[in-house]
Each structure stands twice: as structure tokens, then as C-alpha cells.
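J.: Before anything else, here's the structure in question.
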Ligand code: HXC
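Residue numbers (this note's numbering): 179 to 687.
And the structure:
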């Protein structure tokens with residue numbers, strides 16, 4: 179009986195982490211504890227803990243007298259809507275969640291198991307960084323985690339929740355994961371903190387301005403989404419996991435759906451305005467195509483000229499990439515290319531089909547774009563689409579001009595189904611620009627120029643030239659788009675592609 183009692187006593191002590199006072203301090207910052215977060219993340223009662231009694235081995239600075247059970251991180255596995263996931267959750271109440279040799283080993287253990295058993299890794303980060311008392315042993319622990327992030331990349335989905343400080347080299351583990359979610363006002367990520375920044379560059383900046391959720395979702399694009407509090411962020415991770423396969427040889431789950439596959443959407447026939455320069459909201463098209471109108475957007479606050487995220491069609495996950503005419507007329511720029519390229523690569527790595535909705539007038543001109551390397555960054559999206567072997571269905575709603583036409587999952591990049599609405603204009607460029615080049619001699623004759631422009635529009639401002647050449651498979655009615663796209667993806671479920679052997683590609687990073 180005594181040993182049973184001892185187990186229970188030890189468990190209770192471990193569950194208390196850094197103790198009541200530090201738990202209260204954590205709560206007073208609006209943050210949940212490591213265990214509360216896991217409880218919310220996983221299905222009720224599904225959490226199985228590993229290494230609850232692991233303690234550090236440091237004997238410097240009197241550390242041998244302070245060896246809390248668990249060593250500042252709670253690890254284990256459980257389920258999200260019945261599906262296996264591995265999780266680690268740093269416990270800020272224990273030495274600030276700092277990473278010791280043994281803390282790192284606990285994380286590595288569940289990462290190894292996740293890869294071997296083929297299930298996502300969800301990391302909850304809330305840590306003061308490397309355990310200062312341990313020196314290089316702590317850096318080594320980070321290094322071991324980094325290597326596992328790299329090995330796991332493309333094998334199992336990796337999701338990071340940033341729910342407190344994440345600073346210095348510690349940011350590079352989440353940075354290599356597939357998705358990063360932050361919590362507003364209580365989380366930050368930076369390589370060097372405000373004090374170092376002040377010393378080196380003389381810039382005065384708060385932690386929030388330097389690396390808060392706003393900075394990383396709107397400016398740097400390091401994070402994919404920001405939420406009001408821990409509870410909301412965790413709920414959204416559960417939703418995201420539902421869209422994903424458990425590993426790269428698994429299929430994303432097919433969910434029951436309560437929507438008609440053949441649903442006609444008459445309103446789509448008037449979505450594209452008569453005036454080609456008038457914007458419209460591409461999100462409306464996405465939600466009207468999706469099962470039950472559900473669109474899980476990724477990087478909503480960054481590069482709003484392109485939309486990325488997940489929907490379901492007939493219950494199956496589909497990644498959507500769509501130009502947004504409401505922002506910068508939907509043109510591609512560096513930020514949009516990077517955002518969409520990473521999303522396309524994620525979908526391809528995890529066998530999630532890709533739907534591309536195209537209304538793109540071209541790449542954004544300007545010195546700022548050229549100097550910052552729009553050539554290389556634009557090539558990322560081109561490359562990502564071209565290398566993707568998952569089912570690819572494309573619908574051109576209006577403009578598909580120039581290089582951007584080719585980039586956006588065109589037939590030439592092995593698009594499987596390339597549809598166009600009757601409102602499509604597939605051309606090297608817009609009519610005005612084109613006539614001003616072809617008919618330069620008539621530049622000072624507005625009447626002639628207008629006629630040339632009209633001629634060009636009659637010839638190219640439609641999908642039929644492209645359809646005659648077979649680079650558009652079919653011109654479809656906007657109202658029937660859901661039905662056509664669902665049928666297309668259904669027919670591609672058995673798609674197989676052979677590619678030549680290579681060690682790996684050399685995407686223009
Ligand atoms: C050991 C640490 C610690 C750390 C915090 N603690 N960070 N212990 N190593 N890195 C301890 C504190 O001593 C304190 O212990 C408890 O955790 C809570 O910390 P507070 O400072 O009281 O909390 P708060 O005021 O909220 O400030 C949080 C903080 C601050 C901003 C994170 O603690 C801090 O600046 N810590 C040091 C950060 C740092 O420089 N880390 C190394 C970064 S370099 P008590 O017993 O008093 O409660 C790095 C490199 C990684 O991480 C490289 C990877 C390759």
C-alpha cells in the first residue's frame with residue numbers, strides 16, 4: 179500500500195509543477211498552465227504522460243538541491259477527435275520553462291515516437307530559453323530538438339503554439355514547424371530581445387513591437403495566426419488537426435458533410451463585375467464552394483493579395499490558393515509568392531489536393547520588388563506548383579496575365595483540371611498595355627488606339643483562345659463551379675505520378 183501511496187504523492191507533486199504561487203502568477207498573466215493547455219488540446223481523459231518524474235542532472239550553482247519532477251516540460255500523447263497526436267508543453271512555473279539537457283531529451287523522445295508511429299507533433303512553447311545554469315548541455319538539447327524538427331519535416335505535421343516567451347535560438351525550433359500560432363499580448367518571439375537591439379542598433383522597441391503576435395502575423399509572416407487567448411488558440415489547433423493527415427502516407431480524414439455536392443450558386447454568375455478594374459471578394463467564391471461554407475484561413479493577416487487555407491469538398495480536405503482582387507488588384511508580389519509557395523509545399527508534402535482560384539493581373543512592378551528579389555521569390559511559387567504532384571484543379575475567374583498566368587497552377591505546370599469562367603481573360607497582359615506596345619506608332623491617336631484596344635479585347639479578353647489551344651480544359655458556368663470542382667477532385671483520387679530520381683530538389687530559397 180505504501181508504494182501506491184508514494185506513487186500518488188509523487189504524482190501530485192509533479193502535477194503541481196512550480197507550486198501554487200507560480201501557478202497563480204501564470205494565471206494572473208492570463209496564461210494557462212502547461213497541464214491545463216494539454217487538457218484543453220486533447221480529447222477528455224486521452225492524455226498519457228511520459229517522463230513525469232524525470233529530473234535534471236545539473237550540479238552547478240546549487241542546482242542539485244532543486245530538482246523538480248518533470249523538469250519544466252510535460253510530454254506525452256493523446257487524441258484529438260479520436261486521432262493520435264504527440265504533445266509537449268513547457269511549464270513556465272518550473273524554472274521559467276527553461277530547457278535543460280533532460281528537458282530536451284523528454285521532447286526528443288516524443289518527437290522520435292511521433293515519427294516512428296506517424297502522428298503529428300504539437301509543441302506548446304512557454305520558456306525562458308536555454309537553462310542558464312547548464313550552459314552548453316542546454317544548447318546541445320536545443321540542437322537535438324532542431325535535428326528532429328528537420329527529420330520530421332514532411333513526415334508528420336508539426337504545429338507550434340507560442341504561449342509565452344520564445345527567444346534567442348529557441349525560436350528556430352518552431353520556425354521549422356509547419357504552422358505557428360501565437361497568443362496576442364502574452365507571447366513573443368525574437369532572436370535578440372529589446373535590450374540587445376537597443377545596444378546594437380540604438381532602436382527603442384518593446385518586446386510586443388519586436389516580436390509579438392501582431393508583428394509576426396502582419397509584418398514578418400513568421401506566425402500563421404494570432405488569437406485572443408490560450409483557449410481560443412488551442413481550439414483552433416484542434417480544428418486545424420482535423421484537416422490534416424496524421425503522416426505523409428496517410429490520407430486526410432474524410433468528415434461527414436451536410437452539403438449538396440451539386441449545389442448550384444446562382445450568385446456566382448454575377449460575382450465578377452462588368453468593369454474589369456472593379457474588385458470583388460474572392461473569399462465569397464471560396465466559402466460558396468466549400469462544404470458548409472467553412473474556410474480555415476492560414477496567414478489571414480499577411481499578404482492579403484493572396485488567400486491560403488483549407489476547405490472540405492465532399493468531406494475531404496482541399497488546400498485553396500486564391501488571388502484576392504480586393505488587395506493590390508490580386509497581383510503577385512514577394513510576400514504573396516512566399517506565403518502561397520510554403521502553403522502549396524505543405525499540401526503537396528501531406529497529399530492534400532490543391533484548388534487554385536485565379537484572378538491575377540501579373541507581378542507587382544517596382545524597384546522595391548526587384549531589389550528585394552521578386553525574381554527568386556516568385557520562382558518559389560512557380561517551383562512549388564510545378565513540383566506538386568497532388569491533384570491540382572484550377573479555376574480562372576477573370577484575369578490570368580503573363581507569367582503570373584503560368585505560375586498559378588496552369589496546365590503547363592501539370593494542372594490536372596484547368597477550368598475558366600466565361601469572364602476570363604487569358605493573355606500576355608491587359609488590353610491597354612498590350613496595344614500601347616504593339617501600336618506604338620498610334621500612341622498619339624486616341625481614336626486609333628481605342629480601336630486597337632477594342633480589337634485586342636475582342637480577341638483575348640475571353641477564355642476561348644486558350645480553350646481552342648487546349649490549355650483550358652473547359653469553360654464552365656460560374657454557378658456550377660462547386661459541382662465541377664468536386665467531380666474533378668473525385669476523379670483524381672487515384673492519381674499517380676512518376677518523377678525522376680533525385681536526392682532533393684533545389685527550390686530557389
Ligand atoms: C534558468 C530561468 C531562465 C533560464 C527564467 N528562469 N529563464 N532559469 N534559465 N533561461 C527562471 C527565473 O530565474 C525565475 O526563477 C523563473 O524562471 C521565472 O522567471 P522570471 O524572470 O521571474 O519571469 P518573468 O519576469 O516573466 O520573465 C521571463 C523572462 C526572463 C523574460 C523569460 O526570465 C528572462 O529574461 N530569462 C532569461 C532569458 C534568457 O536570456 N534565456 C537565454 C536565452 S538564449 P525563480 O526561481 O525566481 O522563480 C537561448 C539560446 C537558445 O535560449 C539557443 C538554442 C540553440
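For every residue, glycine included, the Cβ atom is placed at its ideal position computed from N, Cα and C.
Quick check for students: name the residue ranges of the beta strand (DSSP E) that lie wholly in the stretch 517-604, counting only runs of 3 or more.
T.: Taking only runs of at least 3 residues, the beta strand (DSSP E) segments lying wholly in the stretch 517-604 are 532-538, 570-579, 595-598.
J.: Tell me whether residue 475 sits in a helix, a strand or coil according to DSSP, three-state version.
T.: Counted from its first residue, the chain shown places residue 475 at position 297. In the structure shown, residue 475 sits in a strand (DSSP, three-state: E or B).
J.: So what does DSSP say about residue 621, is it helix, strand or coil?
T.: Translated into the one-based positions of the chain shown, residue 621 becomes position 443. In the structure shown, residue 621 sits in coil (DSSP, three-state: anything other than H, G, I, E or B).
J.: Is it the case that the CB of residue 341 approaches a heavy atom of the ligand HXC more closely than 6 Å?
T.: Start at 1 with the first residue of the chain shown, and residue 341 comes out as number 163. False, no ligand heavy atom lies under 6 Å from that Cβ.
J.: Does the beta-carbon of residue 202, which I'm using as the reference point, lie nearer than 6 Å to any heavy atom of the ligand HXC?
T.: For the purposes of this step, residue 202 is taken as residue 24 along the chain shown, with counting starting at 1. No.
J.: Just the C-alpha distance for residue 376 and residue 382, rounded to the nearest angstrom, thanks.
T.: By 1-based counting over the chain shown, the position of residue 376 is 198. By 1-based counting over the chain shown, the position of residue 382 is 204. Going from the Cα of residue 376 to the Cα of residue 382 covers about 6 Å.
J.: Determine which residues share a DSSP beta bridge with residue 261 and list them.
T.: As a first step, residue 261 is located in the chain shown; it is residue number 83 there, counting from the start. For residue 261, which the question treats as bridged, DSSP gives the partners 258.
J.: Is residue 366 near the ligand HXC, going by C-beta to nearest heavy atom under 6 Å?
T.: As a working mapping, residue 366 is identified with position 188 in the chain shown. Not so, every heavy atom of the ligand HXC lies at least 6 Å from the Cβ.
J.: With 16 as the cutoff for other CB atoms within 10 Å, does residue 271 come out buried or exposed?
T.: Mapped onto the chain shown, residue 271 falls at position 93. Residue 271 should be labelled buried.
J.: Which whole-angstrom value is the C-beta distance of residue 469 and residue 485, which I expect to be below 8 Å?
T.: For the purposes of this step, residue 469 is taken as the residue at position 291 of the chain shown. For the purposes of this step, residue 485 is taken as the residue at position 307 of the chain shown. Actually they do not touch by this definition, with Cβ atoms about 17 Å apart.
J.: Identify the continuous alpha helix (DSSP H) that holds residue 421 and give its terminal residues.
T.: Numbered from its first residue, the chain shown carries residue 421 at position 243. Unbroken alpha helix (DSSP H) run through residue 421: 408-421.
J.: Note the first and the last residue of the continuous beta strand (DSSP E) segment covering residue 170.
T.: An answer regarding residue 170 cannot be provided, because it is not within the stretch 179 to 687 covered by the chain.
J.: Could you check what DSSP says for residue 655 in three-state terms: helix, strand or coil?
T.: Residue numbering aside, residue 655 sits at position 477 when the chain shown is read from its first letter. Coil, per DSSP.
J.: How many whole angstroms separate the CB atoms of residue 446 and residue 641, which I take to be in contact at a CB cut-off of 8 Å?
T.: For the purposes of this step, residue 446 is taken as residue 268 along the chain shown, with counting starting at 1. For the purposes of this step, residue 641 is taken as residue 463 along the chain shown, with counting starting at 1. Residue 446 to residue 641, Cβ: 16 Å. No contact.
J.: Counting C-beta neighbours from all protein chains within 10 Å, is the total for residue 325 16 or more, i.e. buried, or is it exposed?
T.: One-based indexing of the chain shown puts residue 325 at position 147. Residue 325 is exposed by the Cβ-count criterion.
J.: By alpha-carbon positions, which one of 598, 609, 296, 646 ends up nearest to residue 689?
T.: This structure cannot settle anything about residue 689, because the visible part of the chain is limited to 179 through 687.
J.: Taking the continuous beta strand (DSSP E) assigned at residue 169, which residues delimit it?
T.: Any property of residue 169 remains undetermined from this structure, which presents the chain solely from 179 to 687.
J.: With a threshold of 6 Å, establish whether the CB of residue 550 neighbours any heavy atom of the ligand HXC.
T.: What you label residue 550 is simply residue 372 of the chain shown in a count that begins at 1. No, the beta carbon of residue 550 sits no closer than 6 Å to any heavy atom of the ligand HXC.
J.: Would you list the one or two residues that DSSP bridges to residue 367?
T.: Stepping through the chain shown from its first residue, residue 367 is reached at position 189. DSSP output for residue 367 lists 344 as bridge partner(s).
J.: With DSSP as the reference, please indicate the residues paired to residue 501 in a beta bridge.
T.: Within the chain shown, the letter at position 323 stands for residue 501. The partner list for residue 501 (beta bridge, DSSP) reads 484.
J.: Give the DSSP bridge partners of residue 253, in chain order.
T.: Residue numbering aside, residue 253 sits at position 75 when the chain shown is read from its first letter. In DSSP, residue 253 forms a bridge with 228, 266.
J.: Indicate whether the contact test is met: 3 or more Cβ pairs, each with one atom in the stretch 199-206 and one in the stretch 217-233, closer than 8 Å.
T.: Short answer: they don't touch.
J.: From the DSSP output, in three-state form, read off residue 332 for me.
T.: In the chain shown, residue 332 corresponds to position 154, counting from 1. Of the three classes helix, strand and coil, the one that applies to residue 332 here is coil, per DSSP.
J.: Of all the options 394, 320, 313, 400, which has the alpha carbon lying nearest to the alpha carbon of residue 356?
T.: Along the chain shown, one-based indexing puts residue 356 at 178. Measuring from the Cα of residue 356, the nearest candidate turns out to be 400.
J.: In whole angstroms, what separates the C-alpha of residue 527 from that of residue 277?
T.: For this step, residue 527 is matched to residue 349 along the chain shown. For this step, residue 277 is matched to residue 99 along the chain shown. Cα to Cα, residue 527 sits roughly 30 Å from residue 277.
J.: Could you tell me which residues DSSP pairs with residue 403 in its beta bridges?
T.: Taking the chain shown and counting its residues from 1, the one referred to as residue 403 is at position 225. Residue 403 is bridged to 359.
J.: Which one of 281, 390, 466 has the shortest CA to CA distance from residue 307?
T.: Walking along the chain shown from the start, residue 307 turns up at place 129. It is 281.
J.: Could you tell me if residue 624 is buried or exposed, where buried requires 16 or more neighbouring beta carbons within 10 angstroms of its beta carbon?
T.: Position 446 of the chain shown holds residue 624. Label assigned to residue 624: exposed.
J.: What are the boundary residues of the alpha helix (DSSP H) that includes residue 233?
T.: Along the chain shown, read from residue 1 onward, the residue named residue 233 stands at position 55. No alpha helix (DSSP H) contains residue 233, which DSSP labels as neither H nor E.
J.: Compute the beta-carbon to beta-carbon distance between residue 606 and residue 659, rounded to the nearest angstrom, for a pair I have assumed lies under 8 Å.
T.: The count along the chain shown starts at 1 and reaches residue 606 at position 428. The count along the chain shown starts at 1 and reaches residue 659 at position 481. That pair is no contact at about 26 Å.
J.: Round the Cβ separation of residue 218 and residue 412 to the nearest angstrom and send it over; I've been treating them as touching at under 8 Å.
T.: Within the chain shown, numbered from 1, the residue matching residue 218 stands at position 40. Within the chain shown, numbered from 1, the residue matching residue 412 stands at position 234. Sure, about 5 Å apart at Cβ, within 8 Å.
J.: Would you call the stretch 181-199 and the stretch 247-265 touching, i.e. three or more CB-CB distances under 8 Å?
T.: Segments in contact, yes.
J.: If you measure between the beta carbons of residue 333 and residue 426, is that distance less than 7 Å?
T.: Indexing the chain shown from 1 puts residue 333 at position 155. Indexing the chain shown from 1 puts residue 426 at position 248. Contact flag set, yes.
J.: Can you look up residue 323 in the DSSP assignment and give me helix, strand or coil?
T.: As a working note, residue 323 is residue 145 in the chain shown. Three-state result, residue 323: helix.
J.: Taking 8 Å as the cut-off, does the stretch 537-546 touch the stretch 508-526 (at least 3 CB pairs, one atom from each stretch)?
T.: Taking 8 Å as the limit for Cβ pairs, the verdict is that the stretch 537-546 does touch the stretch 508-526.
J.: Hey, quick one: how far does the alpha helix (DSSP H) through residue 611 stretch, first residue to last?
T.: In the chain shown, the residue the question calls residue 611 occupies position 433. Start and end: 609-616.
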